[in-house]
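> First, the structure itself, so that you have it in front of you.
Chains as they are written, first to last, in my numbering: chain F, 110 to 668; chain B, 103 to 437.
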């Protein structure tokens, strides 16, 4: 990050007073559209043509957001108009949210991107107004009547669709991570994520996706996961973890692949298989499944076909989301499992919890999820038939089915980062906390305005965790980092627990940048450390191959 | 001064003057007292129904409530049944609290950043918008209900009781109604917020100032009629009763101030469905608030769900079969 802003330079830029940087000519923000500069550090590269082609989406071609000419189809305005019209009919959220905002400003300082950049167009209300102003021009009868009387144009607050407006939309709707924090505070529940989702659908009609979304989507469709890991490589990677685990525990944790007739199909984001520190969380899953197999005979299988829990299709369009998600049920059906267990991920769980059954259900070929070890029926997943792994593990712990040695996590002074999607699109708040507190003694919460339903985004969600937009990401990360720094200084917190694969990657970068002494852990990495496997050797190392507390000397003796 | 509030302010002044001079100068009582109020009420009703039906005609493809508390999951984990409801009772309570007490606005915080050694972002509870909004909406409601004394004969006892409560602070003569004063104060506060809070100034449009000026104008003309320039109450009641019984008459001697007041009210009604004021209807239809968070337990049906092209397992295996066999992964077809 040498050529990027230092934390101090970034902090110097923050100013929440919009007037101080807009001159008198810009008394109305609509007059400032032409001066919006798409600048390096703040935007993501354009989608590669081949990725757009794989999915058969429109207008695949090489293009560059910094160029004057975006190589749009000639009738791009008509496409936008028809695209908006169709979505206003298909989504009540969109239509109602276009009409009822009173611009009270309650959401203004709730957005992490506004708090981190001070850019007034990052206030959620304004982000939505970028689109609403065009909606009023094109779809509001009232605005059309008003614009015919003197002063009525100003009263309507409308503007026509131009290329500058499109570029402004593109810049700012890719500065929203669809985290829904604004929606918690809105007196009408207006959800900017819904509006961003519609805007991005429109972009995809014109071939204006970003590559960090389009290429993972294409990989996921074709190869089975975002990272494009082919089946044999996927298996190799897990086997590599198995070797490490054997060193640590002395137990062979080899998983099942595509095992027909297994009890449970397990699906997690491919980031857990590919990138540290998610890989340690992945090893935690392997340890847990080995334990359950040996102790209780529970048969869990992985699949290389459905090897992606995440769904960047959700950041492309509802249709693309459905196309990628279809693999979960298809594979569960083919393998004949009883139900599906899902790993730690944020947006994956929003998709499973609020969309999957509706899109690709009913899953009548599966059974109502029941934990055969505890007898617990997961009533809250009765129809979708997919259970979150912290719901599953919390149930096991509550019933005393896991033997845990907390002391192995004794050096971890931990706080928990609620992921946006699982907190505001699901309400998974106490399950991960319960698991953490049963595998780790030193747990401290961050300040109340920054956790649970008020949690702050990592700044890199919704497909914005690329490398080229680092200034944007670190600015968006500021509110989370600031709260983390507070508990780091106050309680000596050195571990940030999370249940999201994007978090595991993004928060690691956040910590390096803002709070360098804190490390990021998945909840099931901590479980994997604490869980006592039947027949395991005396552990001296944790899953990261670091010496366990009190074992530093024995480590030396071994060598 | 910028034109975002200059235009609406001028518009409200002009509208008042049009009615005042129209009556005092041109004798157009019949237009401002009868024709326009009827037109405005019709526009309000038709517009309101049209708008709500328009929203209702759009599909609700997914159940996507914003969850603001612990979900229902394991029986021993305490669910937040109001902020994350999984039943219609919970949703009902959530909506009641939202509609009558502005619960989400009650959560409002104010962020501040201190650029110093600690560089701390801090959040404080910001109650004033909630207080101002509640004061405004409830005082307006009471004022509106009190006006039913002009449209009913005899005046129902509940309206009389409301007047009694509203005038409980016995101050001056005629006795002061709290609601009118609070209404004016609250609208002035909301206006001040728009003008002096830089963030709110930035997001405000003329469409935000116009209803505020309009309501300030309505409150000011109303207060002035009651407390300062006396108007002919008996004459006014004759007119209003005529309107409500569909036998409109124009009484003698009612001043232009009254017609100005009625005209501004009529404008507010006519403008209502075309404006952000429709949040009155929209709040009931907001899918992030009026749906239960039980999508995994009970299947939600999307009326326009359609089949999509997927990448099937068979296609996948065809593509990778050799590599899969070599790696020892199970395959459905060996060749």
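For glycine and all other residues, C-beta sits at the position ideal for the given N, C-alpha and C.
Just so you know, these numbers come straight off a predicted model, no measurement behind them.
1) What are the complete alpha helix (DSSP H) segments, minimum 4 residues, inside the segment 344 to 412 of chain F?
2) Of the residues that make up the segment 164 to 181 of chain B, which ones have a beta carbon closer than 9 angstroms to any beta carbon in chain F?
3) With 7 angstroms set as the bound, which would you pick, yes or no: does the beta-carbon of residue 244 (chain F) sit closer than that to a beta-carbon of chain B?
4) With a threshold of 7 angstroms between beta carbons, is residue 268 (chain F) in contact with chain B?
5) Could you list the residues in the segment 195 to 212 of chain F with a C-beta less than 7 angstroms from some C-beta on chain B, going in chain order?
6) To the nearest angstrom, how far is the alpha carbon of residue 325 (chain F) from that of residue 347 (chain F)?
7) Anyone know if the C-beta pair for residue 631 (chain F) and residue 613 (chain F) falls short of 7 angstroms?
8) How about residue 302 (chain F) and residue 290 (chain F): do their beta carbons lie closer than 7 angstroms?
9) Based on Cα-Cα distance, which residue from F:360, F:266, F:419, F:599 lies nearest to residue 375 (chain F)?
10) Candidates F:596, F:226, F:312, F:410: which alpha carbon is nearest residue 425 (chain F)'s?
11) For residue 523 (chain F) and residue 602 (chain F), which I take to be in contact (beta-carbon distance under 8 angstroms), what is that distance rounded to the nearest angstrom?
12) DSSP three-state call for residue 585 (chain F): helix, strand or coil?
13) Rounding to the nearest angstrom, what Cα-Cα distance links residue 492 (chain F) and residue 608 (chain F) in this structure?
14) Is any heavy atom of the ligand GDP found at a distance shorter than 6 angstroms from the C-beta of residue 497 (chain F)?
15) Quick check: residue 342 (chain B) and residue 279 (chain B), are their CB atoms within less than 7 angstroms of each other?
16) Going by C-alpha to C-alpha distance, which of F:327, F:623, F:390, F:383 sits closest to residue 412 (chain B)?
17) Residue range of the alpha helix (DSSP H) that residue 623 (chain F) falls in?
18) Cα-Cα, which of F:627, F:518, F:553, F:531 is closest to residue 659 (chain F)?
19) For a contact meaning CB atoms closer than 8 angstroms, what does residue 136 (chain F) contact in chain B?
20) Suppose you measure from the CA of residue 173 (chain B) to the CA of residue 458 (chain F); what does that come to, to the nearest Å?
21) Starting from the C-beta of residue 115 (chain B), find all residues in its chain whose C-beta is less than 7 angstroms away, skip the five residues before and the five after it, and write them out in chain order.
22) Name the chain F residues that come within less than 9 angstroms of residue 240 (chain B), Cβ to Cβ?
23) Grab the span of the beta strand (DSSP E) containing residue 448 (chain F) for me, first residue to last.
24) Among F:191, F:183, F:654, F:224, which residue has its Cα nearest to the Cα of residue 591 (chain F)?
25) Since I believe residue 309 (chain B) is in contact with residue 265 (chain F) (beta carbons under 8 angstroms), could you give me their beta-carbon distance rounded to a whole number of angstroms?
26) With C-beta atoms as the reference, is residue 323 (chain F) less than 7 angstroms away from residue 156 (chain F)?
27) Our contact map puts residue 193 (chain B) next to residue 392 (chain B) with C-beta atoms below 8 angstroms; I'd like the distance itself, whole angstroms only.
28) Mind checking who residue 281 (chain F) pairs with in its DSSP beta bridge?
29) Pick out whichever of F:199, F:160, F:186 has its Cα sitting closest to the Cα of residue 163 (chain B).
30) I'd like to know whether the C-beta atoms of residue 298 (chain F) and residue 388 (chain B) end up nearer to each other than 7 angstroms.
31) Measure the CB-CB distance between residue 260 (chain B) and residue 562 (chain F) and report whether it falls below 7 angstroms.
32) Since residue 319 (chain B) and residue 366 (chain B) should fall inside the 8 angstroms C-beta cutoff, what is the C-beta to C-beta distance between them, to a whole number of angstroms?
33) Let's test the definition: count the other Cβ atoms within 10 Å of the Cβ of residue 623 (chain F) and tell me whether it reaches 16, buried, or not, exposed.
34) Quick check: the Cα distance between residue 388 (chain F) and residue 616 (chain F), rounded to an integer number of angstroms?
35) If you follow the beta strand (DSSP E) that residue 497 (chain F) is part of, which residue opens it and which one closes it?
36) With 7 angstroms set as the bound, which would you pick, yes or no: does the beta-carbon of residue 123 (chain F) sit closer than that to a beta-carbon of chain B?
By the coordinates alone:
1) Segments of the alpha helix (DSSP H) lying fully in the segment 344 to 412 of chain F: 380 to 383, 387 to 405.
2) Residues 164, 165, 166, 167, 168, 169, 170, 171, 172, 173, 174, 175, 176, 177, 178, 179, 180, 181.
3) Residue contact check for residue 244 (chain F) against chain B: no CB pair falls below 7 angstroms.
4) No, residue 268 (chain F) lies away from the interface with chain B (no Cβ there is under 7 angstroms from its Cβ).
5) Going along the segment 195 to 212 of chain F in chain order, one finds 197, 198, 199, 200, 201, 202, 204, 205, 208, 209, 210, 211, 212 with a Cβ nearer than 7 angstroms to chain B.
6) Taking the straight line joining both Cα atoms gives about 20 angstroms.
7) The Cβ atoms of residue 631 (chain F) and residue 613 (chain F) sit closer than 7 angstroms to each other.
8) Not in contact: residue 302 (chain F) and residue 290 (chain F) (Cβ atoms no closer than 7 angstroms).
9) It is F:419.
10) Measuring from the Cα of residue 425 (chain F), the nearest candidate turns out to be F:312.
11) With a Cβ gap of about 7 angstroms, residue 523 (chain F) and residue 602 (chain F) count as contacting.
12) In this structure, residue 585 (chain F) counts as helix in the three-state DSSP scheme.
13) Rounded to the nearest whole angstrom, the CA to CA distance from residue 492 (chain F) to residue 608 (chain F) is 23 angstroms.
14) Summarising the ligand content, the structure contains no ligands, and the ligand GDP is consequently not present.
15) Not in contact: residue 342 (chain B) and residue 279 (chain B) (Cβ atoms no closer than 7 angstroms).
16) Distance check between residue 412 (chain B) and each of F:327, F:623, F:390, F:383 places F:327 closest, using alpha-carbon atoms only.
17) Where residue 623 (chain F) is concerned, the enclosing alpha helix (DSSP H) stretches over 610 to 623.
18) Nearest C-alpha to residue 659 (chain F): F:518.
19) Correct list: 104, 105, 106.
20) Whole-angstrom Cα-Cα distance: 13 angstroms.
21) Nothing listed; no residue qualifies.
22) None at all; the shortest Cβ gap to chain F is about 15 angstroms.
23) That run of the beta strand (DSSP E) goes 448 to 451.
24) The shortest CA-to-CA distance from residue 591 (chain F) to any of F:191, F:183, F:654, F:224 is the one to F:224.
25) The Cβ separation is near 7 angstroms, so the contact holds.
26) Yes, Cβ-Cβ distance for residue 323 (chain F) and residue 156 (chain F) is below 7 angstroms.
27) At roughly 6 angstroms, the Cβ-Cβ gap stays under 8 angstroms, so residue 193 (chain B) and residue 392 (chain B) are in contact.
28) In DSSP, residue 281 (chain F) forms no bridge with anything.
29) It is F:199 whose Cα lies nearest to the Cα of residue 163 (chain B).
30) It is a contact, given that the beta carbons lie within the stated cut-off.
31) For residue 260 (chain B) and residue 562 (chain F), no; Cβs fall outside 7 angstroms.
32) Between the beta-carbon of residue 319 (chain B) and that of residue 366 (chain B) there is about 5 angstroms, and that keeps the pair under the 8 angstroms contact cut.
33) The residue is buried, with at least 16 neighbouring Cβ atoms inside 10 Å.
34) Whole-angstrom Cα-Cα distance: 15 angstroms.
35) 495 to 497 is the extent of the beta strand (DSSP E) around residue 497 (chain F).
36) Residue 123 (chain F) belongs to the set of residues whose beta carbon lies under 7 angstroms from a beta carbon in chain B.
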